[in-house]
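full-length UniProt numbering numbers the first residue of the sequence shown as 1 and each following residue consecutively.
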Amino acid sequence: MRPELLLLVAAFAVLLAAAAVSADSPYKFFTWNVTYGTIYPLGVPQKGILINGQFPGPDIHSVTNDNLIIDVINSLDEPFLISWNGIQQRRNSYEDGVFGTTCPIPPGQNFTYILQVKDQIGSFFYFPSLAFHKAAGGFGGIRILSRPLIPVPFDDPAGDYTVLIGDWYKANHTALKAVLDGGKMLPFPDGILINGRADGSTFSVQQGKTYRLRISNVGLVNSLNFRIQGHKLVLVEVEGTHTLQTTYSSLDVHVGQSYSVLVTADQPALDYTIVVSSRFTSPVLASSGIFRYSNSAGAAPGPLPGGPTIQVDWSLNQARSIRTNLTASGPRPNPQGSYHYGLINTTRTIRLANSAGPVNGKQRYAVNSVSFVAPDTPLKVADYFKISGVFRVGSIPDYPTGGGIYLDTSVIGLDYRTFIEIVFENSENILQSWHLDGYSFFVVGMDGGQWSPASRNGYNLRDAVSRSTTQVYPHSWTAIYIPLDNVGMWNLRSEYWARQYLGQQLYLRVYTTSTSLRDEYPIPKNAILCGRASGRRTRPL
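This is the structure:
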């Protein structure tokens with residue numbers, strides 16, 4: 001291990017001890033070299049982003065409370081950041097890997113992320129967050145297993161597969177970025193990938209055994225439907241929450257979402273087709289893979305499994321059927337239903353409406369009419385050093401104003417340890433997908449039409465699923481409850497990546513006057529400082 005990594009690990013152990021966190025949790029070390037390389041996912045050469053020569057990047061396998069030390073070497077010719085979709089970074093938004101919290105890694109340099117998957121289990125993914133890099137690769141799966149003494153509500157599967165699905169373009173990410181920078185909308189995607197391939201991804205199974213598939217939509221635009229010829233999908237986990245074990249013939253996975261399903265190889269020993277197809281689009285894009293029995297006698301006969309296409313009600317009803325398994329343990333031995341979120345009074349309601357339109361003749365996207373523009377200094381870094389003029393708390397209203405789109409660095413100020421309601425309102429013809437870094441939230445309601453206070457009468461206040469990414473159907477609303485128990489600056493964004501890039505995002509500043517390490521860690525000693533923070537010094541431990 002490099003000497004500087006030893007110093008960082010020692011420093012982090014001091015923080016863990018000071019915060020009364022178990023410092024004997026295992027450490028896992030990763031060194032990732034990020035490079036460009038030529039890839040052929042849709043049969044034409046493209047400039048892709050590789051991690052240690054891999055597209056997609058390597059999986060991260062971990063156990064609850066593991067400390068992950070990930071040294072990222074940027075061998076690209078431009079700044080780079082990796083973000084961790086669904087990993088909560090307890091008390092440590094400096095490690096979030098988005099520009100609002102973290103200075104980019106300059107070309108030819110490295111940054112060591114120090115993460116603890118504190119009190120988490122489940123299926124997640126990482127991705128590059130800057131410069132439309134997500135359209136070039138650089139993403140991979142994250143799995144967090146339960147500690148050995150914590151019971152899991154299903155038997156150990158015979159195998160555990162990461163399944164990264166997403167739409168894809170034949171154009172290089174630089175060309176797509178130029179389209180957006182020129183004020184235009186992206187064209188329709190060219191195809192669908194399964195683990196980096198348009199067709200032929202193979203998952204090997206043995207007859208009579210059950211397998212876990214961790215499915216994440218790492219794409220840019222489209223909701224996708226996942227299904228396997230002749231087989232049922234038993235949903236068991238959603239972004240860190242064990243769910244009621246409901247059986248589906250196919251599953252909608254919206255952009256940025258992750259699901260775990262169990263599939264039993266209970267059919268004759270053949271090759272069965274996996275189909276992934278786009279939802280709510282015309283034309284419909286599709287890709288296929290193979291669910292291959294070890295003693296297969298050849299391809300399974302019969303038609304490929306059909307899936308839904310434009311039916312919104314089908315998807316809405318499926319989403320409502322996903323519920324928390326209240327009797328299952330999460331990352332701790334207490335049941336998931338021991339947190340009675342429905343009995344807590346919310347102290348604030350924030351209504352957020354997405355919109356699209358031109359600003360100065362260029363395409364922009366907005367939340368409550370504010371289209372986010374990144375400042376010259378990450379918000380969290382500016383907050384730490386008390387650098388004025390970078391952002392204003394309250395620069396975005398709590399509710400839609402109906403006015404025209406304008407540019408600002410939008411930040412909502414929130415008090416630590418409060419409990420709030422956010423209502424996403426979507427009056428557009430598209431399905432929207434929203435993600436909040438640093439948190440899981442309870443999806444308490446979703447329906448068509450306009451939200452009103454009377455809509456609360458239909459909320460699920462008992463077993464709503466807790467997750468970090470939720471969909472909002474066209475001309476519909478979705479309501480979430482959030483316990484604000486994680487201090488920091490946290491990105492709330494559209495997962496439709498062109499919309500995020502052109503302004504459909506904001507930050508939640510969850511604040512306390514406390515300086516205790518139990519509430520928030522200080523800026524990392526190895527933090528890269530940029531913008532107006534350049535040349536400043538981090539606090540010694």
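For every residue, glycine included, the Cβ atom is placed at its ideal position computed from N, Cα and C.
- Around residue 372, the same chain offers 409, 410, 503, 505 and 506 as residues with beta carbons nearer than 7 angstroms, after the five sequence neighbours per side are excluded.
- Under the three-state reduction of DSSP, residue 479 is assigned to strand.
- The stretch 469-484 and the stretch 443-453 touch, with three or more beta-carbon pairs separated by less than 8 angstroms.
- Under the DSSP assignment, residue 509 falls in the beta strand (DSSP E) whose first and last residues are 505-511.
- Per the coordinates, the alpha-carbon of residue 29 lies some 36 angstroms from the alpha-carbon of residue 464.
- Residue state for residue 372 is assigned as strand, using DSSP reduced to three classes.
- It is roughly 26 angstroms from the alpha-carbon of residue 390 to the alpha-carbon of residue 178.
- With contacts defined as CB atoms closer than 7 angstroms, residue 319 and residue 295 fail to qualify as a contacting pair.
- Taken in chain order, the complete alpha helix (DSSP H) segments of 4 residues or longer contained in the stretch 279-328 are 312-321.
- A residue is called buried when at least 16 other Cβ atoms come within 10 angstroms of its Cβ; residue 123 meets this threshold and is buried.
- For residue 277, the pairing in a beta bridge is given by DSSP as 225 and 286.
- Buried is the label assigned to residue 110, since at least 16 other Cβ atoms lie within 10 Å of its Cβ.
- In this structure, residue 225 lies near residue 250, with their beta-carbon atoms less than 7 angstroms apart.
- The stretch 67-77 and the stretch 148-166 do not touch, with fewer than 3 CB-CB distances between them shorter than 8 angstroms.
- Close CB contacts of residue 321 within its chain, under the 8 angstroms cut and outside five residues either way in sequence, are with 246 (chain order).
- Contact between residue 87 and residue 117 is confirmed by a C-beta separation of about 6 angstroms, below the 8 angstroms threshold.
- By the neighbour-count criterion, in which 16 or more other beta carbons inside 10 Å mark a residue as buried, residue 317 falls on the exposed side.
- Within the same chain, 326 come within 6 angstroms of residue 337 by CB-CB distance, once the 5 residues on both sides are set aside.
- For residue 343, the secondary structure class from DSSP, reduced to helix, strand or coil, is helix.
- With contacts defined as CB atoms closer than 7 angstroms, residue 233 and residue 248 qualify as a contacting pair.
- By the beta-carbon neighbour count (other beta carbons within 10 angstroms, threshold 16), residue 310 is exposed.
- One alpha carbon belongs to residue 493, the other to residue 45, and they sit about 31 angstroms apart.
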